[in-house]
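Residue numbers (the UniProt record's numbering): 1 to 108.
Ideal Cβ placement from N, Cα and C applies to all residues, glycine included.
Note that the coordinates shown come from a computational prediction; the quantities given were computed from them, not determined experimentally.
Take a look at the structure below.
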Amino acid sequence: MTSRPNRDHLTPEQLRALAAQLMQRVETLDHQVDTLGKTVETLGKTVETMGKKINGNQTVIEKLTHEIAQLKRLKFAKRSGQVKSISCYRIGGSQFNHARRDARTHAV
Numbered sequence: 001m002t003s004r005p006n007r008d009h010l011t012p013e014q015l016r017a018l019a020a021q022l023m024q025r026v027e028t029l030d031h032q033v034d035t036l037g038k039t040v041e042t043l044g045k046t047v048e049t050m051g052k053k054i055n056g057n058q059t060v061i062e063k064l065t066h067e068i069a070q071l072k073r074l075k076f077a078k079r080s081g082q083v084k085s086i087s088c089y090r091i092g093g094s095q096f097n098h099a100r101r102d103a104r105t106h107a108v
């Protein structure tokens, strides 16, 4: 089918052979269209599935990001609390030492 014969000069037998070739070509193309249609349908389902997975993963990422932020706040609050308790301990400790010294000086 690379060259196009002049159909006016073809015999009835040659026309039948050409018609058979064309019918075979149409069947082949029809089969290819069906195959491509199924492939497109499969790819559409795959895209839909991947979209759902992406949405699920995005939800997990958002939850983890929120949890990390909470943990950071908790960690910072702990650090702040430790600093306060250490400074209170030091203040309390020095007050306690002053009170002990005062008690010793008054006792003498």
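query: DSSP state of LEU10 mapped onto helix, strand, coil; result: coil
query: Length of the line joining the Cα atoms of SER87 and ALA69; result: Unreliable placement is indicated for SER87, whose pLDDT of 47 sits below 50; the coordinate value is still reported in the next sentence. Cα to Cα, the separation comes out at about 27 Å.
query: Cβ-Cβ separation, LEU18 to LEU10 (assumed contact under 8 Å), whole Å; result: 7 Å
query: Backbone CA spacing between GLN58 and ARG79 [nearest angstrom]; result: 31 Å
query: C-alpha gap between HIS66 and PHE76, whole angstroms; result: 15 Å
query: Euclidean distance between Cα positions of ASN55 and THR28; result: 40 Å
query: Through-space distance from ARG73 to LEU36, alpha-carbon basis; result: 54 Å
query: Sequence ranges, alpha helix (DSSP H) only - wholly within the region 14–82, length at least 4; result: none
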